[in-house]
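Numbering (the working numbering), first residue to last: 41 to 286.
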């Protein structure tokens, strides 16, 4: 039983690493903090202004967002709703049904993306577009080869070029392997500003995937402390019951 529990814990802790190993390029650490209300507010602003034109959050309502992020509902209506939706509606996209003809597939709903791929993946993905003239929109991505998504944040980040390294395969033959990206032209934001922009956006998507996550984590600490204290009393009670048993 103990062995099985250890294996489960190791598996959970290694899930993020395994995801990075699939593409052979390690994910960047986002450093996102889901307990930071300021970061989540900025992330909501970023998503609504740059992402909601194509992507929806159909499992999250504007009213829930306003309450959790401590944003007055009037401000949400004025600054974050661009589709004519009501505050109690789900966060939908203005993308028309024929978007499949534009991108080859319908842009996915992103509500559960952070739970599916992880916050570090979202952060890494949004930082790793590079120029590729063979692609329909002129860009590719280090973590999702052949991505159908255009680099909508290129004006903020600037353009990047791919970095290749000469490596040998299993047969000893040399080949060029894509190992990273580097800046080619600057954008409107400095690198550290863009990093924070993406960190906030990824943080918001982490919240969207599980709005109660911060509360659950805080509650978990108190539950563990309660169980620890209860264990002490239970152990002392057990010793009292069994002290006369020889």
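Virtual Cβ for every residue (Gly too), placed ideally from N, Cα, C.
- Following the continuous alpha helix (DSSP H) through residue 262, name the residue where it begins and the one where it ends. 253-282
- Chain-order list of residues whose beta-carbon lies under 7 Å from that of residue 132 (same chain, five-residue window excluded): 96, 98, 123, 125
- Message: On the criterion of 16 or more Cβ atoms from any shown chain inside 10 Å, does residue 287 qualify as buried, or is it exposed?
- Response: The requested residue 287 is not part of the displayed model; the chain covers only 41 to 286.
- Query: From residue 63 to residue 185, what does the alpha carbon distance come to, in whole angstroms?
  - Reply: Reliability fails at residue 63, whose pLDDT of 46 lies under 50, so the model's placement of it is uncertain and the value that follows must be treated cautiously. Answer to the nearest angstrom: the Cα atoms are 9 Å apart.
- What separation, rounded to the nearest whole angstrom, lies between the Cα atoms of residue 21 and residue 267? Nothing can be reported for residue 21: it is not among the residues displayed for the chain, which extend from 41 to 286.
- Task: Ignore the nearest five residues each way along the sequence and tell me which others in residue 112's own chain have a CB closer than 6 Å to its CB.
- Result: Result list for residue 112: empty, nothing under 6 Å.
- Task: Look up residue 222 in the DSSP assignment and give the residues it is bridged to.
- Result: 201
- Message: Taking the alpha helix (DSSP H) that residue 167 belongs to, which residues open and close that run?
- Response: Unbroken alpha helix (DSSP H) run through residue 167: 159-167.
- Under 8 Å by Cβ, that's how I've got residue 151 and residue 249 pegged, so tell me the actual separation to the nearest angstrom. 6 Å
- Nearest-angstrom Cβ-Cβ length linking residue 86 and residue 237, presumed shorter than 8 Å: With a Cβ gap of about 6 Å, residue 86 and residue 237 count as contacting.
- Query: What are the uninterrupted segments assigned as alpha helix (DSSP H) that are 4 or more residues long and contained completely in the region 87-126, given in chain order?
  - Reply: Segments of the alpha helix (DSSP H) lying fully in the region 87-126: 102-108, 113-119.
- Let me know the secondary structure DSSP gives residue 214 once reduced to three states. Looking at residue 214 - three-state DSSP - the assignment turns out to be strand.
- Quickly, what does DSSP pair residue 131 with across the bridge? List them, please. 97
- Item | CA-to-CA distance, residue 269 to residue 156, given in whole angstroms | 35 Å
- In this structure, does DSSP put residue 54 in helix, strand or coil? Residue placement at residue 54 cannot be trusted, given a pLDDT of 43 that sits under 50; what the coordinates show is reported in the next sentence. DSSP places residue 54 in coil when its eight states are reduced to three.
- Whole-angstrom distance between residue 75 and residue 255, CA atom to CA atom: Computed Cα separation, rounded: 9 Å.
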